[in-house]
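A.B. asks: Residue numbers (the working numbering), protein chains in the order written: chain X, 1 to 256; chain E, 1001 to 1406; chain D, 2001 to 2332. The beta carbon of each residue, even a glycine, is placed where N, CA and C say it ideally should be.
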Amino acid sequence: MAATQVVQSEWTKIRSVASTVWTLSLAAVVTVALGMLISLLSADEWATMSPRERLSFDPTFISFAGMSLGQLAMIVFGVLVVSNEYSTGMIRTSLAAVPQRGTFLFSKLAVATALAFVVSLATSFVAFFLGQAMLGEHSASLGDAGVLRAVLGGGLYMTLIAVFSMGVAAMLRSPMLSLGILMPFFFLISAILGNVSATKKVGQFLPDQAGSKIMQVVAPADNDTPYGPWGGLGIMVLWVAVALLGGYTLLKKRDA
Amino acid sequence: MIEAVGLTKRYGAKTAVYNLSFQVRPGAVTGFLGPNGSGKSTTMRMILGLDNPTSGQVTIGGFPYRKLPNAPRQVGALLDAKAVHGGRHARNHLLCLAQLSGIPARRVDEVLGVVGLQDVAKRRSKGFSLGMGQRLGIAAALLGDPQVLLFDEPVNGLDPEGILWVRNLMKSLAAEGRTVFVSSHLMSEMALTADHLIVIGRGQLLSDMSVKDFISANSADFARVRTPDTEPQQREKLSAALTEAGGQVLPEQDGALRVTGLPLPRISDLAHGADVRLWELSPHQASLEEAYMRMTQGAVDYRSTIDQRSGLQQEMPPGAMPPPQMPVAGQGQPGWYAPPPPQQGGQPFAMPQGQPAGPYGAPAAPAAPAAPGSTGGPNPYAQAAQPSAAAAQPAASDLTKPEDAR
Amino acid sequence: MIELEGLTKRYGEKLAVNRLTFTVRPGMVTGFLGPNGAGKSTTMRMMLGLDRPTAGDVRIDGQHYDGLRDPLKYIGALLDAKGMHGGRSAFNHLLCLAQSNGIPKSRVHEVLDTVGLTAVARKKAKGFSLGMGQRLGIAGALLGDPRILMFDEPVNGLDPEGIHWIRTLMKSLAAQGRTVFVSSHLMSEMALTADHLVVIGQGRLLADTSMADFIRQNSRSYVRIRSPQPEQLLDALSGAGIIAVRAVDGALEVDGGKPEHIGELAAQHQVALHELSPQQASLEEAFMRLTAESVEYHAHSGPPGAGRPDAVTPDAVTPASRQGWGSDWKKG
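Take a look at the structure:
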């Protein structure tokens, strides 16, 4: 069984269900549109900002503000890609066709990750350019120090969110359970932990908080994070690796 | 007693049921047959007042369902095993049905016992298997101790013990003088259960008669005759004598003869006259399925065809024999590639029926014993190993083969 | 060929499959029977490498399932008509299976045609009826033109035409020398399809024999005789030490007799026979007798022992549902 066959098969699977199109386009549209809106509002706010605030004004990061909501669609994409197999009963058909479970899982992940990366990267660039256009005179340009890194990083961040969700879904199997854990985790818990000073130390090591560091070009005023942009992305990659390893181990061990 | 008069149902341009008139009498199990999409479910739904007929009417005991006084105590129906709130306990499901029609709670426990669900009565029906759901549906149908019962595919999902139980249940309900109306796709099962048949196709009545008459009317009865295995010439002799007397004689797989057109005593006399000893002389009736297939040709929605398999690269499984280049006409693929026989031409029906040695329709003689060229006994493993180019060729040469075999 | 050796599966305390050893041979249709909960599905899943055996071994043409390269070319299985994504079209469902095993796209069109779904190939599977889903599952099993085919309850939801079709399909696959393994609850259907039977109950092997032997061993067989000279026939029979019983309709019945033997005897004594037919119990009867002890959900009618199939006679079923209740409310 050649892995290329399985990859081809997984590509057919992913392109032939409607949820792929709507989750990915929702992620792109929400990220870009919300980014534009917040950029526009920030540009208006500039006049009323304190000098201190102006100093830490980060036009690049602002244009990615839509990602906080757009990533939720990315999570849905990641969860559905994997857990659809279970909720529909397709998994038995799939594993009968591809009994090498490692090949099966990693081909599926490779295809979904590649697709997520292409969409995320495009989204990131579009969100950046349109966001900067809204910011007008306060905008950053791609040639500025650290900006290209942040824009590429935005694409990586969204991709990793999707892959993390795939790993979690592979462990939990049920789409409802996976979404029920991931959605509040990224939308509420992470934000709460990150904003309450007592838990901030822990919160900053969560995958989204650490990963989003890569999109920052200007450090916030009271920056005391113990890692840099790439270090943050590294932490996120660790989380993803653990999720995937868990998913793989369970798939390998479990009865289908 | 269920009575339909000129029952018609149109959905937009499509006529699902057209001018259907029949009676379902008490004291018998009446089978309701028809291909998929023939209007069976629509008719059932109209009987139960779920759908309104476009014209005509159907009554139960003289009343349309919706005008029946206390309908749940007069009519019980199993329409769809999944029409149960999944989160509700089996017992509560029945209890709320019972309360709707003023049936005491102890009757609920009774019917649970009757269908064998008493041990799982407190479990949510979500976790039920198809068979358990079916039993719950049957319990609901029995709840009001009704005189008229309708069952749609009642054995779906049941295990052999459950199937036997449902069959006996329906028979005993009919024996008590109730009206039992059952739809099913399982001809072999229906043959054992029903006394009377109503067959529809494309929404119209095709037949309304007893099972026995239905089979006799739509297929031929035959006799199976066996002569001593030790003396093949006796078989030839008898065969000639029977043919001379006007009977049709076909060989069966195990060497017996299948004789149509002669009554058993006549066969006995002819054998005696030809000095042939008989080892078997048994009367047979064609199966209900055969008779049904003959009747409903032309009323089928999804048709199956012969697997062509030309696009498959025949990769050799490791350990299989090397591909012998032997596309001897008709040998490699017994019947598999053969087209439907021309007799079926024009009829939109997939399977060749009643054609011995036909490609798919030959349960009695799958190996096409008379086929020339199969002298060496086909090597089963050689077939799969044939290269695809060769696979197409016997397909072409097979075009004529089934006719020879016949 | 499928070989099982000491196959065992334990879920916690419960032994679902208990040291099963049998071989499914090519060239015939092997029926796989057992009451609900007997372990049939678990066994089939282990054959396909979906569930891991607790102990024992199952081999497909001598290899473990996960050692097969392109398994769909060795074994095609219909396990569950719902084993597909409802949002995917029939064509794409088969295409992704085909691609994973290096099967050309043209084959997908062929199997769709074979099962009669070409017209709805581009429709989403969730709009399919149970019968159409079943046909799509069968198409998936045929996809790799495999030497071994496995069907779990294949006639579920099919209409009479479909049932007839799948039966002749299975027989013709077997006639081509393939291995065909079918599970079903429909004894009357199985009796028409299978040549060989494997019967399990409570996870253990109960029988592994030919259909004819199975029925012979598990039920009564007799010969029915009609003759215009019944008295002479009775004399001839009793002369040979054969006991015949007169049936209600005037025919004679000989328990366990051989028709050829009786035929010769009649010829010797110059007795004409108008019927000489060997009678056998149905597969269902034989199956019920064998598995009487291992059934999970008994429909019962109240009296003790009602769970035994022979007790579920027409008279035994409903009286309980009619007596002792209801007369008070029925009047209202």
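Specify, as a first and last residue, the run of the alpha helix (DSSP H) that K2126 of chain D falls within.
C.D. replies: First-last for K2126 of chain D: undefined, no H or E at that position.
A.B. asks: Hey, does G2263 of chain D have any beta-carbon neighbour from chain E nearer than 8 angstroms?
C.D. replies: Yes, G2263 of chain D counts as interfacial toward chain E.
A.B. asks: Strictly below 9 angstroms CB to CB, what residues from chain E border A2236 of chain D?
C.D. replies: What A2236 of chain D touches in chain E: nothing, since even the nearest Cβ is about 14 angstroms away.
A.B. asks: When you compare only the Cα positions, how much space is there between V1166 of chain E and L1186 of chain E?
C.D. replies: So the two alpha carbons sit approximately 14 angstroms from each other.
A.B. asks: Report the residue from D:I2138, D:D2213, D:L2130, D:L2283 whose alpha carbon sits nearest the alpha carbon of L2158 of chain D.
C.D. replies: The shortest Cα separation from L2158 of chain D among D:I2138, D:D2213, D:L2130, D:L2283 belongs to D:L2130.
A.B. asks: When the Cα atoms are used, what is the spatial distance from G1259 of chain E to P1053 of chain E?
C.D. replies: In the sequence under discussion, the amino acid at residue 1259 of chain E is Val, which differs from the Gly named in the question. When rounded, the distance between both Cα atoms is 48 angstroms.
A.B. asks: Express the C-alpha separation of R1091 of chain E and P1104 of chain E in angstroms, rounding to a whole number.
C.D. replies: P1104 of chain E and R1091 of chain E: Cα-Cα distance of roughly 13 angstroms.
A.B. asks: Along the region 2272–2294 of chain D, what residues have a CB closer than 7 angstroms to any CB found in chain E?
C.D. replies: For the region 2272–2294 of chain D, which is checked against every Cβ of chain E, the residues closer than 7 angstroms are A2272, L2273, H2274, E2275, L2276, S2277, P2278, E2284, F2287, M2288.
A.B. asks: Per the DSSP calculation, S1282 of chain E is bridged to which residue(s)?
C.D. replies: DSSP, once it has assigned bridges, lists E:R1224 as partnering S1282 of chain E.
A.B. asks: D2159 of chain D touches chain E at which residues, Cβ-Cβ below 7 angstroms?
C.D. replies: Neighbours of D2159 of chain D on chain E, chain order: P1035, N1036, H1185.
A.B. asks: Return the chain-ordered list of same chain residues with a C-beta closer than 7 angstroms to the C-beta of P2053 of chain D, the five sequence neighbours on each side being excluded.
C.D. replies: Excluding residues within five positions, the ones whose Cβ falls inside 7 angstroms are L2007, T2008, K2009, M2046.
A.B. asks: I'd like to know if the region 177–192 of chain X and the region 117–137 of chain X are in contact, where contact means that at least 3 CB-CB pairs between them fall below 8 angstroms.
C.D. replies: No, they do not touch.
A.B. asks: Buried or exposed for I2002 of chain D, going by 16 or more other Cβ atoms inside 10 Å?
C.D. replies: Buried: at least 16 other Cβ atoms inside 10 Å.
A.B. asks: I need the DSSP call for A2 of chain X, collapsed to helix, strand or coil.
C.D. replies: Residue state, collapsed to three classes: coil.
A.B. asks: Which residues in chain D sit within 7 angstroms of Q8 of chain X, going by Cβ to Cβ distance?
C.D. replies: Near Q8 of chain X (Cβ distances below 7 angstroms), the residues of chain D are Q2099.
A.B. asks: Does the distance from the CB of P1026 of chain E to the CB of T1179 of chain E come in under 8 angstroms?
C.D. replies: Taking 8 angstroms as the Cβ cut-off, P1026 of chain E and T1179 of chain E qualify as a contacting pair.
A.B. asks: Using 10 angstroms around the beta-carbon of K2126 of chain D, count the other beta-carbons present and answer buried if the total reaches 16, otherwise exposed.
C.D. replies: Exposed.
A.B. asks: Does any CB atom of chain E fall closer than 8 angstroms to the CB of Y2011 of chain D?
C.D. replies: Judged by the 8 angstroms Cβ criterion, Y2011 of chain D is not in contact with chain E.
A.B. asks: Can you name, in chain order, every residue of its own chain whose Cβ lies under 7 angstroms from the Cβ of K2014 of chain D, other than the five neighbours on each side?
C.D. replies: Hits under 7 angstroms: none found.
A.B. asks: Grouping DSSP H, G and I as helix and E and B as strand, with all else coil, what is F343 of chain X?
C.D. replies: Because chain X spans 1 through 256 in this model, residue 343 of chain X falls outside it and cannot be assessed.
A.B. asks: Please classify T249 of chain X: does DSSP put it in a helix, a strand, or coil?
C.D. replies: Here T249 of chain X sits in helix by DSSP.
A.B. asks: Using a cut-off of 8 angstroms between C-beta atoms, extract the partners of A2077 of chain D located in chain X.
C.D. replies: Per Cβ cutoff of 8 angstroms: A96.
A.B. asks: Assess contact between the region 2027–2038 of chain D and the region 1155–1170 of chain E, defined as three or more Cβ pairs (one per stretch) separated by less than 8 angstroms. Is contact present?
C.D. replies: Yes, since at least three Cβ pairs between the region 2027–2038 of chain D and the region 1155–1170 of chain E fall closer than 8 angstroms, the two stretches touch.
A.B. asks: What does Y2065 of chain D reach in chain X if we use C-beta pairs closer than 7 angstroms?
C.D. replies: Neighbours of Y2065 of chain D on chain X, chain order: P99.
A.B. asks: To the nearest angstrom, report how far apart E1189 of chain E and S2188 of chain D are at their CA atoms.
C.D. replies: Distance between the alpha carbons of E1189 of chain E and S2188 of chain D: 7 angstroms.
A.B. asks: Could you tell me the distance, in whole angstroms, from the CA atom of D255 of chain X to the CA atom of L95 of chain X?
C.D. replies: C-alpha separation (whole angstroms): 11 angstroms.
A.B. asks: Just tell me which of X:Q204, X:S9, X:F125 has its CA closest to the CA of T103 of chain X.
C.D. replies: When each option's Cα is compared against that of T103 of chain X, the closest is X:S9.
A.B. asks: In chain D, which residues lie with their C-beta within 8 angstroms of the C-beta of E1236 of chain E?
C.D. replies: What E1236 of chain E touches in chain D: nothing, since even the nearest Cβ is about 18 angstroms away.
A.B. asks: Name the chain D residues whose beta carbon is nearer than 7 angstroms to that of A18 of chain X?
C.D. replies: Those within 7 angstroms of A18 of chain X in chain D are G2087.
A.B. asks: Just to confirm my understanding: we take F1022 of chain E, look at its own chain, exclude 5 residues before and 5 after, and list those with CB closer than 7 angstroms. What are they?
C.D. replies: Once the five neighbours on either side are set aside, the close Cβ partners of F1022 of chain E are A1004, I1198, L1205, D1208.
A.B. asks: Taking CB distances under 8 angstroms as the criterion, tell me whether R92 of chain X reaches chain D.
C.D. replies: Chain D, which has a Cβ nearer than 8 angstroms to the Cβ of R92 of chain X, makes this yes.
A.B. asks: Could you pull the DSSP bridge partners for A2077 of chain D from this structure?
C.D. replies: Paired residue(s): D:M2150.
A.B. asks: Quick check on DSSP: helix, strand or coil for I1200 of chain E?
C.D. replies: In this structure, I1200 of chain E counts as strand in the three-state DSSP scheme.
A.B. asks: Could you check whether the Cβ of S2188 of chain D sits closer than 8 angstroms to any Cβ belonging to chain E?
C.D. replies: Chain E, which has a Cβ nearer than 8 angstroms to the Cβ of S2188 of chain D, makes this yes.
A.B. asks: Drop a sphere of 10 angstroms on the beta-carbon of A1230 of chain E, count the other beta-carbons inside from all chains shown, and report buried for 16 or more, exposed for fewer.
C.D. replies: In the sequence under discussion, the amino acid at residue 1230 of chain E is Thr, which differs from the Ala named in the question. Classification for T1230 of chain E: exposed.
A.B. asks: Identify the contact partners of K2082 of chain D in chain X, using a Cβ-Cβ distance below 8 angstroms as the criterion.
C.D. replies: The contacting residues are T88, G89.
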